[in-house]
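Written below as structure tokens is the structure these notes are about.
There are 2 protein chains.
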Amino acid sequence: MHLFWEHGYEATSLAMLREAMGLTPPQIYNAFTDKETLFRKALMRYHQTEIGFALEALSAPVPTREAIRRLLLGAAEAYSRPGKPGGCLFVSGALATSPQAQAVADELKTYRKASEAAIADRLANGKAVGDLPENLSVEGFAKYLAGVMNGMSIQARDGASVEELRVLAQTALAALPAEGQNQTASSKE
Amino acid sequence: MHLFWEHGYEATSLAMLREAMGLTPPQIYNAFTDKETLFRKALMRYHQTEIGFALEALSAPVPTREAIRRLLLGAAEAYSRPGKPGGCLFVSGALATSPQAQAVADELKTYRKASEAAIADRLANGKAVGDLPENLSVEGFAKYLAGVMNGMSIQARDGASVEELRVLAQTALAALPAEGQNQTASSKE
DNA sequence: TAGGTTTCGTATCGATCACTATGGATAAAT
DNA sequence: ATTTATCCATAGTGATCGATACGAAACCTA
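Listed in order, the protein sequences are those of chains Z and D. According to full-length UniProt numbering, the first sequence holds residues 1 to 189 in order. According to full-length UniProt numbering, the second sequence holds residues 1 to 189 in order.
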């Protein structure tokens, strides 16, 4: 998982995986069928072990603004954990691929879309409860937040520290409309 | 350039380049030395032909907020041009690579850092002119804006339309402190 | 027109890719 | 103890990678 996270799907060779796992090629293929299946298992493991902060943040019984704050600050921490590759596996795992690996790229895109949809669901809930203005575009704001998190993933990969990512997250939070207030996400211009 | 933009450095094979350029392998190597040099030439061409909006926006004689607005909206348009690969070559060209292509990955990171530095310079100028609050962190805000643009690049790659990217850009602009106002980029929490 | 030079495409180089067949070592059974 | 069966690492499969050696064709000069 760490190798795929660091080098992406295609650039991670079986020789690297073999050495890291201490297994012979037949053992790997006996256990994981093929490289693509192994990658998908790594994705599932990543989803379960590394980004629990997202589900926690979005499902916590707190006001919407606080949920989003936890989401972004959780990302800041998860994307810069010491001893782990920087950024998010769903972003760096297969952003640009050869035509042969299109299926893997699509799989990751699906994960990213699911994250955005989860954010949108939480925003819609917050709107229903009155945490967010009536005229706020749930989809547009979810796309902004997902985009910010993806951007944090790139910044983390470029060496941003956890403190720098936290500042970025706090800055992004300033775009959130204050509760009860009625304003569009953007000023008209 | 389009092939590297779409598939990234490593996943773009010489066979694809050969077919796209209509050249024989010796012609390619005679003209560009090797694949890495060809990629660097593509980077320079991309810088000159595709992202002029950034330099224009940052050097235009307009208030800082307007400059940033032009920067983000220019990115929205540049990252979703019809007939062009989505996103930014500097992001998708080599985000995760094999150890052999580390030099290329570092080169792209340098481009991204330069973009962030250019934004920081413009912000520092705006602060000096009084467009921005005294206590605003130039580096922190530049990292936010660069991160948002990187995030827009991912969203564009996932199929976001130019309108959706514009909404994202407008949303991101809401994090900009209003002129003359004195506030930190983030509320304290 | 003949000779010498230069250009240029084909065919191939060694290396590495994901992946697997096979031979030897070990364990189980008679 | 001897045979049978099962496992498993080594060695190698065809394919493709980036890069190039070599022979043929074209061109300029004499």
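We put the CB at the ideal spot given by N, CA and C, even for glycine.
Legend entry - 8 Å Cβ cutoff met for Glu116 (chain D) and Arg40 (chain D): no
Inset, instruction - Could you give the DSSP three-state label for Asp121 (chain Z): helix, strand or coil? - result: helix
Inset, instruction - Would you check if the distance between the CB atom of Leu3 (chain D) and the CB atom of Leu14 (chain D) is smaller than 8 Å? - result: Cβ distance not < 8 Å, so Leu3 (chain D) and Leu14 (chain D) don't count as in contact.
Legend entry - Distance between beta carbons of Ser80 (chain Z) and Trp5 (chain Z), contact taken as under 8 Å: Here Trp5 (chain Z) is actually not in contact with Ser80 (chain Z); their C-beta atoms are around 13 Å apart, not less than 8 Å.
Inset, instruction - May I have the straight-line CA-CA distance separating Phe141 (chain Z) from Arg45 (chain D), to the nearest angstrom? - result: In a straight line, the C-alpha of Phe141 (chain Z) is about 34 Å away from that of Arg45 (chain D).
Inset, instruction - Kindly list the residues whose CB is nearer than 8 Å to the CB of Phe53 (chain D), restricted to its own chain and excluding five residues on each side of it in sequence; keep chain order. - result: Arg70, Leu71, Gly74, Ala75, Glu77, Ala78
Legend entry - For Ala146 (chain D) and Tyr144 (chain Z), believed in contact at Cβ under 8 Å, the rounded distance: Incorrect: roughly 16 Å between the Cβ atoms, too far for contact.
Inset, instruction - Could you pull out every unbroken alpha helix (DSSP H) segment of at least 4 residues lying fully inside the region 62 to 108 of chain Z, listed in chain order? - result: 64 to 78, 89 to 92
Legend entry - Cα-Cα separation, Ile154 (chain Z) to Thr49 (chain D): 24 Å
Legend entry - Beta-carbon gap between Val148 (chain D) and Val148 (chain Z) smaller than 8 Å: yes
Legend entry - Backbone secondary structure at Asp10 (chain D) - three-state DSSP: Contrary to the premise, residue 10 (chain D) reads as Glu rather than Asp in this sequence. It is coil, neither helix nor strand.
Inset, instruction - Please state if the CB of Arg122 (chain D) and the CB of Leu165 (chain D) are separated by a distance shorter than 8 Å. - result: no
Inset, instruction - Look at Gly8 (chain D) and Ala96 (chain Z) and say whether their C-beta atoms are less than 8 Å apart. - result: yes
Inset, instruction - Output yes if chain Z places a C-beta closer than 8 Å to the C-beta of Ala78 (chain D); else output no. - result: no
Inset, instruction - Reducing DSSP to helix, strand and coil, say where Asn135 (chain D) ends up. - result: coil
Legend entry - Inter-residue CB distance, Pro177 (chain Z) and Pro133 (chain Z) (contact presumed, cutoff 8 Å): 5 Å
Inset, instruction - Please confirm whether Ala114 (chain D) and Val104 (chain D) have their CB atoms less than 8 Å apart. - result: No Cβ-Cβ contact shorter than 8 Å links Ala114 (chain D) with Val104 (chain D).
Inset, instruction - Step through the CB atoms of chain Z and report whether any lies within less than 8 Å of the CB of Asp158 (chain D). - result: Yes, its Cβ sits closer than 8 Å to a Cβ of chain Z.
Legend entry - Under the three-state DSSP convention, the category Pro177 (chain D) falls into: If DSSP states are grouped into helix, strand and coil, Pro177 (chain D) belongs with coil.
Legend entry - Ser161 (chain D) (DSSP reduced to helix, strand or coil): coil
Legend entry - Assigned secondary structure, Lys41 (chain Z) (DSSP; H/G/I helix, E/B strand, else coil): helix
Legend entry - Residues within the region 97 to 108 of chain Z neighbouring chain D, beta-carbon criterion of under 7 Å: Those residues of the region 97 to 108 of chain Z that come within reach of chain D (Cβ to Cβ, closer than 7 Å) are Thr97, Ser98.
Inset, instruction - Please go through the same chain and pick out, in chain order, the residues whose beta-carbon is closer than 7 Å to the beta-carbon of Ala67 (chain Z), but skip the five residues on each side of it. - result: Ala57, Leu58, Ala60, Arg122
Legend entry - Straight-line gap, Asp158 (chain D) to Lys35 (chain Z) (C-alpha atoms, nearest Å): 24 Å
Inset, instruction - Please name the residue, chosen from Z:Pro99, Z:Gly86, Z:Ile51, Z:Gln100, that lies closest to Tyr111 (chain Z) on a Cα-to-Cα basis. - result: It is Z:Ile51 whose Cα lies nearest to the Cα of Tyr111 (chain Z).
Legend entry - Limits of the alpha helix (DSSP H) - the one that Glu56 (chain Z) falls within: 52 to 59
Legend entry - Straight-line Cα distance separating Tyr29 (chain D) from Gln100 (chain D): Looking at the backbone, the Cα of Gln100 (chain D) and that of Tyr29 (chain D) are separated by about 19 Å.
Inset, instruction - Report buried or exposed for Glu19 (chain Z), applying the criterion of at least 16 other Cβ atoms within 10 angstroms of its Cβ. - result: exposed
Inset, instruction - Output yes or no for whether 8 Å exceeds the beta carbon distance between Gly151 (chain Z) and Gly87 (chain D). - result: no
Legend entry - Distance between Leu23 (chain Z) and Thr33 (chain Z) (C-alpha atoms, nearest Å): 14 Å
Inset, instruction - For chain D, find out if any of its Cβ atoms is closer than 8 Å to the Cβ of His7 (chain Z); answer yes or no. - result: Output row for His7 (chain Z): interface = yes.
Legend entry - As assigned by DSSP and simplified to three states, the class of Met1 (chain Z): Coil at Met1 (chain Z), not helix or strand.
Inset, instruction - Kindly examine the ligand GTP and report whether one of its heavy atoms sits closer than 7 Å to the Cβ of Ala175 (chain D). - result: With respect to the ligand GTP, the structure offers nothing, as it holds no ligand at all.
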